[in-house]
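Take a look at the structure below.
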Amino acid sequence: MSHKVIIPIGPYHPLQEEPEFFRLYVEGEKVVDIDIVIGYMHRGIEELCEHKHFDQVSFLVERICGICSTSHPFAYVNAMEDLAKIKIPERALYIRTIIAEMERLHSHLLWLGLAGHFIGYNTIWMWAWRYREPILDCFEMITGNRNHYAMMKIGGVRRDIEDGHLSALKKMLDELARAADMFYGAVMDDPVIKARLKGIGVLTKEQAIEWSVVGPTARASGVNIDVRKDDPYGAYDKVSWNVIVEKDGDVFAKTRVRILELYESIRIIRQCIEKMPKGEIDADIKEIPAGEGIGHVEAPRGECFHYVKSDGTNRPLRHKIRAPSYMNVASNKVAAVGGTISDAAITLAAVDPCYCCTERVAVIQKDTDKKIMNGWDLIRLSQEKTERLRRGLGF
Amino acid sequence: MIKLLFNYLIFPGFLFSAVIGFLAGWLERKISARIQWRKGPPWYQNFVDFLKLLGKETIVPQGAKLTFLLSPFMGLLSVILVSTILGLSIRLPLESFMGDLIVVLYLLVIPAIALIVGASSSGNPLASIGASREMKLVLAYELPFILSVITAVIKSGGAIQLGLILNHQLSFGSNIISLSGVIAFIVAIICLQAKLGLVPFDVSEAEQEIMAGTLIEYSGLPLAIFKLTKAILLYTIPVLLIVLFLGKDLSPAFLVAKYIGILLVIILIKNTNPRLRIDQTLKFFWGSATILAIVAVILALWGY
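As given, the protein sequences belong to chains D and X, one line each in that order.
Residue numbering for the first sequence follows the working numbering, beginning at 13 and increasing consecutively.
Residue numbering for the second sequence follows the working numbering, beginning at 1082 and increasing consecutively.
Below, the structure is given as structure tokens:
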């Protein structure tokens, strides 16, 4: 087989749980080129935000992603506090940091499990998710929800963490630290895992910078970027921790970065519990002035960026969101080409993609590069399509 | 004639081996589930899965009707024949015919060939990748597997008849109780994993890469037949290994104990490894596995 065959991964494929479409051009087993098509799950969140008042937006952006569901509201409230120049209570900063780091823990374990599944190692999958479960229980205990916590609020947090909950949290962290030791040993010492992951899907430092990847994907390629260190928010400048950087840029390095970050997150949460002062958790904001603000946080997948512009009313005039996967998914164009189909499966997953957060739509006229659609055009399009469907079905 | 039909269709052929295969498949699923902190299915799960598939619509890709539909049956008929020959030679070692071992080895390749033929005829690109992987896999594991069988033949005084191999072991002890026997048995267990298409050698079905590959276009009855073939293989190949290497005492209780022992080893390997790539699989079988098997053959010739 020397001619090119197209192997479709998606739009619906058991490999990944979201709709995405990778068109692999293969010769035999070797991947020679790849097309990346995303955009199946565009929901128009930015437009929706402009129709909600500021307090509602934090709930809406929480729904952008189910996994990093606190990163988006966190970035949003950072942007709002930048806009309105709000000073928020110390305790709220610590609570935000604890929630964000717990999210990183569960997100990295989720990825570890999926990665195991993608290379056919279902035992790792089940074990990683089993150890993720107590974290979700802790979330439910503290916030009332397993996934959408609704903790972030402009000027503070919505709920306090009670002292009783803190001790349960500490106990969970101790157990998790032991689990992390186990995974570190199981993954790092397994010769077959090494054979599958070492030297696969390499993204060199130059390529990482060129394709502007963020988060663990960049750190695994030797790029030392982490918003938590570079532009500290929350309580990250009040605790001591390290940025994990690996040199190799392959899937194995990405796995290593994520497992080692588990330890750093545990360290951060423990220090936060120790240092957290008593007091208010909410600055009680009444008015949002006109102006613009930016906020970014280090989501488990990388930098999550929010920009908000306000004209003094109770709704954002413009809300711009950039999710980390938007930067990372494109790097597969260099990372996945040259390997085999088996390698492509794990390489595509190694950036920990999260497509729904990323989706954009822009219709560009071919010759002029001009945008010819706005939100209302899209709504009209959708209504026309509904009409067509109805007529077609004879309603 | 009626006795032959009974042997082929009921005991120790089709019905018996299918029931044992499904139960073994359940054991495999249940133990895997317990290893992975899951509950696992009830004991009748594989039976109802089979029945459910029978009731589903069979979708046939255009232009591939005959080969597509016949190949699952080709695989099934040959494994039934294997289980019949094996079962009869365990029960009545003296009635086995000359060279039945060779027949068994040939018949055991046919399910894989059926899979390749069926997948290729479907015309799906993912199925064709699965078929090419399955083909490479067959080429990879057959060499060390046959070498390890040859070791057992040498240890049994050159008999290529299952009954004679059993009788030889009855008087001189199991083939595994020797250095060459142990090595050949280990190689055979690894090949068994590949023959059954289990992790780490499930490349041809790799769900996450090529969406069940060879089986992607199959549905309904033909898919059920493939599943049934897999289940019977899960019974026949371990039993073949028992006959070749552990044939000293084959009273029912010992037979079951040995069978479950081999099954446990298979399940353990399956649950503690990721899937290998096809090139790594090929390298492994033609490299270390074949070398080990050759060493076993040489040791056997020297009498170790």
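C-beta atoms are modelled at their ideal positions from N, C-alpha and C, and glycine is treated no differently.
CA-to-CA distance, residue j to residue i, given in whole angstroms
i	j	result
C316/D	I19/D	32 Å
E115/D	K42/D	37 Å
Y245/D	L60/D	27 Å
T267/D	M138/D	17 Å
K241/D	M164/D	21 Å
Y1222/X	K1276/X	8 Å
L181/D	L188/D	10 Å
R1356/X	G125/D	15 Å
I154/D	E145/D	14 Å
A127/D	T1317/X	34 Å
I1210/X	T1295/X	8 Å
V226/D	G234/D	11 Å
G1254/X	L1304/X	42 Å
V1337/X	N1127/X	20 Å
S337/D	I111/D	21 Å
Q395/D	Q68/D	26 Å
Of the residues the options, the one placed nearest residue i, counting alpha carbons only
i	options	result
Y24/D	L1315/X, T1353/X and E1290/X	E1290/X
I271/D	V225/D, K250/D, I297/D and Y196/D	Y196/D
I1323/X	I1343/X, G1102/X, I1348/X and L1315/X	I1343/X
F66/D	S119/D, A361/D and E299/D	E299/D
S1159/X	Y1187/X, L1315/X, L1331/X and I1372/X	Y1187/X
K1351/X	L1207/X, A1338/X, L1302/X and V1280/X	V1280/X
L105/D	Y37/D, G167/D, W137/D and S83/D	G167/D
Y1125/X	R1119/X, I1347/X, E1138/X and K1111/X	K1111/X
G1328/X	G1180/X, L1251/X, I1306/X and V1346/X	L1251/X
A409/D	D238/D, A311/D and E396/D	The first residue shown for chain D is 13 and the last is 407, placing residue 409/D beyond what the model contains.
I221/D	L209/D, G176/D, N236/D and A207/D	N236/D
V169/D	K99/D, G51/D and R392/D	K99/D
M92/D	G303/D, T352/D and P336/D	G303/D
G307/D	R334/D, G387/D, E62/D and I48/D	R334/D
E30/D	G22/D, L36/D and Y37/D	G22/D
P301/D	A96/D, Y143/D, E58/D and V44/D	A96/D
I1359/X	T135/D, H63/D, A207/D and I280/D	A207/D
T82/D	P289/D, H120/D and R108/D	R108/D
P328/D	A191/D, V49/D, L72/D and V17/D	L72/D
I358/D	K210/D, G305/D and E152/D	K210/D
L1245/X	E1288/X, L1167/X, G1301/X and L1207/X	L1167/X
Cut-off 7 Å between Cβ atoms - residues of its own chain near residue i, not counting five sequence neighbours on either side
i	result
V1219/X	V1190 and A1193
I1091/X	F1097
K256/D	For the sequence presented, residue 256/D should be read as Ile rather than Lys. Contacts found: R231, V269, L272, E273 and E276.
I1348/X	E1109, I1112 and S1113
V1198/X	T1148 and S1152
M13/D	Note that M13/D has pLDDT 43, beneath the 50 cutoff, so the model's placement of it is unreliable and the number below is only indicative. If we look at M13/D and ignore the five residues flanking it on each side, its Cβ neighbours are E39 and G40.
Contacting residues, own chain, Cβ-Cβ under 8 Å from residue i (five flanking each side not counted)
i	result
L1169/X	N1088, P1093, E1176 and S1177
Extent of the continuous beta strand (DSSP E) to which residue i belongs
i	result
G167/D	First-last for G167/D: undefined, no H or E at that position.
E299/D	First-last for E299/D: undefined, no H or E at that position.
Y275/D	Per DSSP, Y275/D belongs to no beta strand (DSSP E); it is in the alpha helix (DSSP H), V263 to K287.
V73/D	Note, V73/D: premise wrong, no beta strand (DSSP E); alpha helix (DSSP H) at F66 to E74.
Cβ-based neighbour list, residue i, same chain, cut-off 6 Å, excluding 5 preceding and 5 following
i	result
I1171/X	L1331
V363/D	T229 and N340
T216/D	G261
I280/D	E113, V251 and W253
L1373/X	I1264 and V1268
F1095/X	I1161
Where residue i sits in the DSSP three-state scheme
i	result
I46/D	strand
H129/D	helix
R1119/X	coil
G314/D	strand
G1136/X	coil
L329/D	strand
H308/D	strand
K321/D	strand
R2/D	A question about residue 2/D goes unanswered here, because the residues of chain D that appear run from 13 up to 407.
H63/D	coil
G406/D	Bear in mind that a pLDDT of 42 at G406/D, under 50, signals an unreliable position, so the model cannot answer this.
Endpoints, the alpha helix (DSSP H) within which residue i is located
i	result
V38/D	No alpha helix (DSSP H) holds V38/D; the beta strand (DSSP E) holding it covers F33 to E39.
V1378/X	T1371 to W1383
P20/D	Here P20/D belongs to no alpha helix (DSSP H); instead the beta strand (DSSP E) covers V17 to I21.
K182/D	D175 to M200
H1249/X	L1243 to F1253
L1207/X	P1206 to K1236
D1360/X	I1359 to F1365
T135/D	N134 to T155
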